[in-house]
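Those protein sequence lines, which keep their order, are chains P and Z.
Going by the working numbering, 55 is the number at position 55 of the first sequence; the sequence numbering is gapless.
The working numbering runs 160 ahead of the 1-based position in the second sequence.
The beta carbon of each residue, even a glycine, is placed where N, CA and C say it ideally should be.
Remember, predicted model here, so these are calculated numbers, not experimental data.
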Amino acid sequence: MSSTSTPNRGLTKIATNRLQKELLEWQVNPPAGFKHKVTDNLQRWIIEVTGAPGTLYANETYQLQVDFPEHYPMEAPQVIFLPPSPLHAHIYSNGHICLDILYDSWSPAMTVSSICMSILSMLSSSTVKQRPPDNDRYVKNCRNGRSPKDTRWWFHDDKV
Amino acid sequence: MAPGLDVPVNVAKQAEILKQDGNTYFKKDRLGAAIEAYTQAITLCPNVTVYWTNRALCHRKRDDWEKVEADCRKALELDVNSVKAHYMLGLALLQHKQYADGVKQLEKALELGRGANPSSYMVEEIWQELAKAKYLEWESTSRLRLQKQQELRAICERALQQELESTRMQDSETGIQPTTAPYHNGGTASTHNDGTESNDVEGESKSCENSLKVESEITYKERIKMLSDVFNKSAEADIPNEVPEYLCCKITLDIFRDPVITPSGVTYERAVILEHIRKVGNFDPITREPLKPEQLVPNLAIKEAVQDFLGKHGWAYKMT
Chain P
1 MSSTSTPNRG
11 LTKIATNRLQ
21 KELLEWQVNP
31 PAGFKHKVTD
41 NLQRWIIEVT
51 GAPGTLYANE
61 TYQLQVDFPE
71 HYPMEAPQVI
81 FLPPSPLHAH
91 IYSNGHICLD
101 ILYDSWSPAM
111 TVSSICMSIL
121 SMLSSSTVKQ
131 RPPDNDRYVK
141 NCRNGRSPKD
151 TRWWFHDDKV
Chain Z
161 MAPGLDVPVN
171 VAKQAEILKQ
181 DGNTYFKKDR
191 LGAAIEAYTQ
201 AITLCPNVTV
211 YWTNRALCHR
221 KRDDWEKVEA
231 DCRKALELDV
241 NSVKAHYMLG
251 LALLQHKQYA
261 DGVKQLEKAL
271 ELGRGANPSS
281 YMVEEIWQEL
291 AKAKYLEWES
301 TSRLRLQKQQ
311 ELRAICERAL
321 QQELESTRMQ
331 DSETGIQPTT
341 APYHNGGTAS
351 THNDGTESND
361 VEGESKSCEN
371 SLKVESEITY
381 KERIKMLSDV
391 FNKSAEADIP
401 NEVPEYLCCK
411 ITLDIFRDPV
421 ITPSGVTYER
431 AVILEHIRKV
441 GNFDPITREP
451 LKPEQLVPNL
461 AIKEAVQDFL
471 GKHGWAYKMT
């Protein structure tokens, strides 16, 4: 994890205000299956997700890392799985997630909580535990530390 | 404002140059030099509003509020619609504890500013200052209100206590004292059971007396409870709580300042939805229906609801 000594340095007033409100709402009413690991860094959230019962990922726990850009929510946060990431047709082994709302289909009316629910529903609807077909090629291309937000995604399907 | 017609063109030009100098000094934080330049510009062309408001801005930076007020008043004589003049005059009046007038000026500035350029930083800044002033006002009035209510509550509780005690005294005056009249039937008890067929008079009168006592104590406790409910209820409005969701923008999650409604029927904060259209795309963030800036319409009903809410719950002015 990056330094948390000077949190929120890169956030606009609107972004800070909104994230504080989201955090407050999360504390009162967290989305089922998710746990926010408390840090003093408002700009990076680490969230624990547990697979829904009765799905391929039941009882498995993964960690999401959510980084908020300066102009959040006018820009989508960067959301990735910390290794090891779940085996899923839309999740690469480096943790990058192919999910349209995180990129082209982002809307500022979405929240961390609604993103989490989209991710959980993506996991829940999976019928096979496998990596995307282009996993190796993609992960290799990202070796220089490229953000998934810089990827030109073509979305595998729009069911999720 | 354009220079007056009576000012020769070259004089007006000279004044403009002085203003530019003033702006340069101001940016370098050389306030004294800036004030001097603006003063010279004013001497040449006293009818140009912006010279006055620019000088006022320098005075503001120096915390010289008397002069801020004077310059702003002069600027408003020249242009009653000067956002900056209303704004800084408002700040000056607040500094001088002229609370109501100060707020009025800030509100005027906000109204004019929104009309001219709804998403400018000025509008946001004016709002922040207004909210700060309103919050401070709420803090002091609510403290006073609470204090008065607590006093009143204490007085009411004492009155109930006294009433209970006087009932007790009446009871013991009129009731039988078992020690002095062990076999006698009388007092309050006798009026209740006539003492005709009972052979256990003492016991009965005693229990009757007790039940009266118990009754008045129950009434007392009920009243104390009701009193507490009434006072808690009236204090509720002043307890910081959550702002209802329907008064908050779905993007900022904050209470509305300048709500506008989209053709889809969703209401957003004006400056923020305009930014969304500019940066993210031409669509309604919730319904994803196409959306253009000119389709946004003020939502006056929500605006009134917000004013009403803020009027009753001043804590909601608190900015995070």
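Is residue i buried or exposed, if buried means 16 or more other CB atoms sit within 10 Å of its CB?
{"i": "R222 of chain Z", "result": "exposed"}
{"i": "D398 of chain Z", "result": "buried"}
{"i": "Q288 of chain Z", "result": "exposed"}
{"i": "Q43 of chain P", "result": "buried"}
{"i": "S127 of chain P", "result": "Per the sequence presented here, residue 127 of chain P reads as Thr, with Ser not at that position. T127 of chain P should be labelled exposed."}
{"i": "T203 of chain Z", "result": "exposed"}
{"i": "Q322 of chain Z", "result": "exposed"}
{"i": "Q265 of chain Z", "result": "buried"}
{"i": "D40 of chain P", "result": "exposed"}
{"i": "D136 of chain P", "result": "exposed"}
{"i": "V240 of chain Z", "result": "exposed"}
{"i": "N490 of chain Z", "result": "Residue 490 of chain Z lies beyond the stretch modelled for chain Z, which goes from 161 to 480, so this question has no answer here."}
{"i": "Y211 of chain Z", "result": "buried"}
{"i": "A319 of chain Z", "result": "exposed"}
{"i": "D189 of chain Z", "result": "exposed"}
{"i": "D18 of chain P", "result": "A small correction: the amino acid at residue 18 of chain P is Arg; Asp does not occupy that position in the sequence shown. Result: buried."}
{"i": "G95 of chain P", "result": "buried"}
{"i": "V426 of chain Z", "result": "buried"}
{"i": "E375 of chain Z", "result": "exposed"}
Can you find a CB in chain Z that lies within less than 8 Å of the CB of residue i?
{"i": "N203 of chain P", "result": "One cannot answer for residue 203 of chain P here, as it falls past the ends of chain P, which runs 1 to 160."}
{"i": "S107 of chain P", "result": "yes"}
{"i": "K21 of chain P", "result": "yes"}
{"i": "I14 of chain P", "result": "yes"}
{"i": "Q43 of chain P", "result": "no"}
Is the CB-CB distance between residue i and residue j below 8 Å?
{"i": "L64 of chain P", "j": "R131 of chain P", "result": "no"}
{"i": "V440 of chain Z", "j": "M74 of chain P", "result": "yes"}
{"i": "P77 of chain P", "j": "P69 of chain P", "result": "yes"}
{"i": "V49 of chain P", "j": "Y92 of chain P", "result": "no"}
{"i": "A216 of chain Z", "j": "A194 of chain Z", "result": "no"}
{"i": "A293 of chain Z", "j": "G273 of chain Z", "result": "no"}
{"i": "V38 of chain P", "j": "V66 of chain P", "result": "no"}
{"i": "L434 of chain Z", "j": "P278 of chain Z", "result": "yes"}
{"i": "A395 of chain Z", "j": "Q307 of chain Z", "result": "no"}
{"i": "Q258 of chain Z", "j": "W225 of chain Z", "result": "no"}
{"i": "F81 of chain P", "j": "Y62 of chain P", "result": "yes"}
{"i": "T199 of chain Z", "j": "S242 of chain Z", "result": "no"}
{"i": "P31 of chain P", "j": "M117 of chain P", "result": "yes"}
{"i": "A15 of chain P", "j": "Y72 of chain P", "result": "yes"}
{"i": "G250 of chain Z", "j": "A276 of chain Z", "result": "no"}
{"i": "D414 of chain Z", "j": "R430 of chain Z", "result": "no"}
{"i": "N392 of chain Z", "j": "I421 of chain Z", "result": "no"}
{"i": "I97 of chain P", "j": "P148 of chain P", "result": "yes"}
{"i": "S302 of chain Z", "j": "G474 of chain Z", "result": "yes"}
{"i": "P445 of chain Z", "j": "P133 of chain P", "result": "no"}
{"i": "L387 of chain Z", "j": "R313 of chain Z", "result": "yes"}
{"i": "V432 of chain Z", "j": "I462 of chain Z", "result": "no"}
Hey, does residue i have any beta-carbon neighbour from chain P nearer than 8 Å?
{"i": "L407 of chain Z", "result": "no"}
{"i": "L470 of chain Z", "result": "no"}
{"i": "T412 of chain Z", "result": "yes"}
{"i": "V403 of chain Z", "result": "no"}
{"i": "P278 of chain Z", "result": "no"}
{"i": "V440 of chain Z", "result": "yes"}
{"i": "A395 of chain Z", "result": "no"}
At 4 residues or longer, and completely inside the region 43-130 of chain P: list those alpha helix (DSSP H) runs for me, N to C. List check, alpha helix (DSSP H) in window: 112-124.
Near-chain Z residues of the region 55-80 of chain P (beta-carbon distance less than 7 Å), N- to C-terminal order: Going along the region 55-80 of chain P in chain order, one finds P73 and M74 with a Cβ nearer than 7 Å to chain Z.
Those runs of the beta strand (DSSP E) which lie wholly inside the region 397-465 of chain Z and span at least 3 residues: Fully enclosed beta strand (DSSP E) runs of 3 or longer: 419-421 and 427-429.
Would you list, in sequence order, the uninterrupted alpha helix (DSSP H) runs of no fewer than 4 residues that lie entirely inside the region 242-295 of chain Z? For the region 242-295 of chain Z, whole alpha helix (DSSP H) runs of length 4 or above, ordered along the chain, are 243-255 and 259-276.
Using a Cβ-Cβ cut-off of less than 8 Å, give me the residues of the region 446-476 of chain Z that come near chain P, in sequence order. Answer set for the region 446-476 of chain Z: I446 and R448.
Short of 8 Å Cβ to Cβ, which residues in the region 414-436 of chain Z face chain P? Answer in chain order: D414, V432, E435 and H436.
Which complete alpha helix (DSSP H) runs does the region 11-37 of chain P hold, if anything under 4 residues is left out? If we require 4 residues or more, the alpha helix (DSSP H) runs fully inside the region 11-37 of chain P come out as 13-28.
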